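Q: For the sequence shown, the residue numbers in UniProt numbering are 1 to 117. Heads up, the beta-carbon is just placed ideally off N, CA and C, and yes, glycines get one too. Here the structure is a predicted model, which means the values were calculated and not measured.
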Amino acid sequence: MTDFTLLTVVVLTAIALVTAALLIARLAAPRTFNPQKGEPYECGVPTRGEAWFQFHAGYYLYAILFLIFDIETVFLFPWAAVVGRIGMQGLLSIVFFIAVLILGLAYAWRKGALEWK
């Protein structure tokens, strides 16, 4: 079996499993509709004022910055494993990669993105 055939089988199997799971979930789900389901709920107490308001999520930016630097470490591990074989070009590429991330962190810090407001 060639690599392409194996890849095709794996992709088609994944699509079939996802489709089957969605179909079973649709068939097994209850079909009743309750208009109260769409109403806002505040622990049994009637709502006061507008139910929809703008929500400021302060942790959002911290989460994005964490993901960026977490992905950086994912890229650093394979580089560290082959650092002896890739030579000067590999070293320069990873130095450039880290420099761009440090500049991004400095920019976020300077703009006050890391300060809790």
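Consult DSSP for Phe77 and reduce its assignment to one of helix, strand or coil.
A: Mapped onto the sequence shown, residue 77 falls at position 77. DSSP places Phe77 in helix when its eight states are reduced to three.
Q: Met88 by DSSP, collapsed to three states: which one?
A: If you number the sequence shown from 1, residue 88 lands on position 88. DSSP places Met88 in helix when its eight states are reduced to three.
Q: Between which two residues does the alpha helix (DSSP H) harbouring Val11 extend?
A: Taking the first residue of the sequence shown as 1, we reach residue 11 at position 11. It spans Asp3 to Ala28 - the alpha helix (DSSP H) in which Val11 sits, taken as one unbroken run.
Q: Please report the straight-line C-alpha distance between Phe33 and Ala20, rounded to a whole angstrom.
A: Counted from its first residue, the sequence shown places residue 33 at position 33. Counted from its first residue, the sequence shown places residue 20 at position 20. Approximately 24 Å between the Cα atoms of the pair.
Q: Would Leu76 and Ala108 be called neighbours here (beta carbons separated by less than 8 Å)?
A: For the purposes of this step, residue 76 is taken as the residue at position 76 of the sequence shown. For the purposes of this step, residue 108 is taken as the residue at position 108 of the sequence shown. Cβ distance not < 8 Å, so Leu76 and Ala108 don't count as in contact.
Q: Under three-state DSSP, which class holds Phe97?
A: Your numbering for residue 97 matches position 97 in the sequence shown. Correct three-state label for Phe97: helix.
Q: Should the segment 97 to 112 be regarded as contacting the segment 81 to 88, the criterion being three or more beta carbon pairs within less than 8 Å?
A: Taking a contact to require three or more Cβ pairs closer than 8 Å, the segment 97 to 112 and the segment 81 to 88 do not qualify as touching.
Q: Helix, strand or coil: which one does DSSP assign to Leu103?
A: Start at 1 with the first residue of the sequence shown, and residue 103 comes out as number 103. Secondary structure at Leu103: helix, using DSSP grouped into helix, strand and coil.
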